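Contents: one structure, followed by commentary.
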Amino acid sequence: MRIARVALSVALAALLGGCTMVRIAYNNAEPLVRYTAHDYFDLDEGQSEQFRKRLPQFHDWHRRTELSLYADLLRTAVKRGANGISLEDLTWAAQELRARYRVIVTRAVEDAAPILVTLTPPQIVELEKRLAKANAKYAREFLSGDERRRHRAQLKRLLNRFSDWTGPLSDEQEQRIERFVKAHAPTTAMRFENRKRWQREAVALIGQHRSSPALVPRLTDIFTQPDAHRTPEFTAALARWEADLFDLVLDIDRTLSAVQRAHALGRIERYAEDFEALSAQSSVAGAGGG
899 MRIARVALSV ALAALLGGCT MVRIAYNNAE PLVRYTAHDY FDLDEGQSEQ FRKRLPQFHD
959 WHRRTELSLY ADLLRTAVKR GANGISLEDL TWAAQELRAR YRVIVTRAVE DAAPILVTLT
1019 PPQIVELEKR LAKANAKYAR EFLSGDERRR HRAQLKRLLN RFSDWTGPLS DEQEQRIERF
1079 VKAHAPTTAM RFENRKRWQR EAVALIGQHR SSPALVPRLT DIFTQPDAHR TPEFTAALAR
1139 WEADLFDLVL DIDRTLSAVQ RAHALGRIER YAEDFEALSA QSSVAGAGGG
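For the sequence shown, the positions run 899 to 1188 when the working numbering is used.
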């Protein structure tokens, strides 16, 4: 599923900087995904060959079917947010993003399952080790025992995400973001524990099922129905976190300067243009191949 997240992150590319970077990242996504797969799964020659054949098909499907949808969503977001956003706008955006995530994860599981069911016990042990290493790195960066260090790391990450969209933040905006981070400091640790839980569930399923028809629905369920795999305490904490995040975004939106709003809307529009251009490349390639 880390592969699916890499593909989704590259495709949505809002986590990357600059429109040129989006196109470069997307067009070069396959080497990154191949590296990630080998880093986590230690694929043998036969598995690697099968993965090399399947990955371009997945990438082409995503370019052909999903990118134009992303562009449409972003253009709609520009129209809805031109004069300020509402709670209804945020709810719509969250629902649309989750829908697109479910689509890409479902397809990724279907494409990956024929390889996953061939993983040997030593490969699964190696996967567990790689996951543990990645988790330890995350814990060092964001769950340090030093409360002040932990707060600084979490605050920096959220400030960067907001300023990526708005440009430089005002002192008032930074203070509002910091209050949110302080209020939800325990949620990061709960997210981490939940992440490790579904990792264990997913790895166990891969080890138990030796056929794609048996593995696909169960593995898909873990990632597309997350509420069913969370503790009641974490589900409640996430609901509070999302409600407060929406309040935070609305507060920041109300304090945006004309320059900041133009920066955010312009950036969204550039991403939409990028996705349209990338999608058109698929159309051209398909016409040439026919």
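Glycine included, every Cβ here is placed at the ideal spot set by N, Cα and C.
Quantities reported herein were computed from a predicted structural model and do not represent experimental measurements.
* Asked: When you compare only the Cα positions, how much space is there between Leu1103 and Leu941?
  -> For the purposes of this step, residue 1103 is identified with residue 205 of the sequence shown, where counting begins at 1. For the purposes of this step, residue 941 is identified with residue 43 of the sequence shown, where counting begins at 1. Going by the C-alpha atoms only, they are around 18 angstroms apart.
* Asked: In three-state DSSP terms, what is Pro1066?
  -> If you number the sequence shown from 1, residue 1066 lands on position 168. Coil, per DSSP.
* To do: Identify whether Asn925 lies in helix, strand or coil by the three-state DSSP scheme.
  => For this step, residue 925 is matched to residue 27 along the sequence shown. If DSSP states are grouped into helix, strand and coil, Asn925 belongs with the helices.
* Helix, strand or coil at Ser1061 according to DSSP, with G and I counted as helix -> Indexing the sequence shown from 1 puts residue 1061 at position 163. Note: Ser1061 maps to helix in three-state DSSP.
* **Local Cβ density within 10 Å of His936, reported as buried at 16 or more and exposed below that** => Taking the first residue of the sequence shown as 1, we reach residue 936 at position 38. Its Cβ having fewer than 16 others within 10 Å, His936 is exposed.
* DSSP state of Ile983 mapped onto helix, strand, coil -> Translated into positions along the sequence shown, residue 983 becomes position 85. Three-state DSSP puts Ile983 in coil, outside helix and strand.
* With DSSP collapsed to three states, give me the class of Glu1171. => Working through the sequence shown from its first residue, we reach residue 1171 at position 273. It is helical.
* To do: Report all residues from its chain with a CB closer than 8 angstroms to the CB of Trp1114; omit the five preceding and five following residues, and keep chain order.
  => Reading the sequence shown from its first residue, position 216 is the one you call residue 1114. Reading the sequence as shown, one finds Val at residue 1114 and not Trp. Closer than 8 angstroms at Cβ, skipping near neighbours: Val1007, Glu1008 and Ala1011.
* Spatial neighbours of Arg1116 in its chain, beta-carbon cut-off 6 angstroms, leaving aside the 5 residues before and after -> Taking the sequence shown and counting its residues from 1, one reaches residue 1116 at position 218. The residues are Leu1103.
* What separation, rounded to the nearest whole angstrom, lies between the Cα atoms of Leu1057 and Glu1072? -> Translated into positions along the sequence shown, residue 1057 becomes position 159. Translated into positions along the sequence shown, residue 1072 becomes position 174. Those two C-alpha atoms are separated by around 7 angstroms.
* Rounded Cβ spacing between Ala1141 and Thr1085 (contact assumed at less than 8 angstroms) -> Here residue 1141 refers to the residue found at position 243 when the sequence shown is read from its first residue. Here residue 1085 refers to the residue found at position 187 when the sequence shown is read from its first residue. Between Thr1085 and Ala1141 the Cβ distance is about 12 angstroms, and since that is not below 8 angstroms, they are no contact.
* To do: Report yes if the C-beta distance between Ala1030 and Phe1040 is below 8 angstroms; otherwise report no.
  => Taking the sequence shown and counting its residues from 1, the one referred to as residue 1030 is at position 132. Taking the sequence shown and counting its residues from 1, the one referred to as residue 1040 is at position 142. No, the Cβ-Cβ distance between Ala1030 and Phe1040 is not below 8 angstroms.
* DSSP on Asp867, reduced to helix/strand/coil? -> Lying before the first or after the last residue shown, residue 867 is absent from the chain, which here runs from 899 to 1188.
* Does DSSP put Arg1108 in a helix, a strand or coil? -> Here residue 1108 is taken as the residue at index 210 of the sequence shown, counted from 1. Here Arg1108 sits in coil by DSSP.
* **With 16 other Cβ atoms within 10 Å as the buried cut-off, status of Ser1177** => Residue numbering aside, residue 1177 sits at position 279 when the sequence shown is read from its first letter. Buried.
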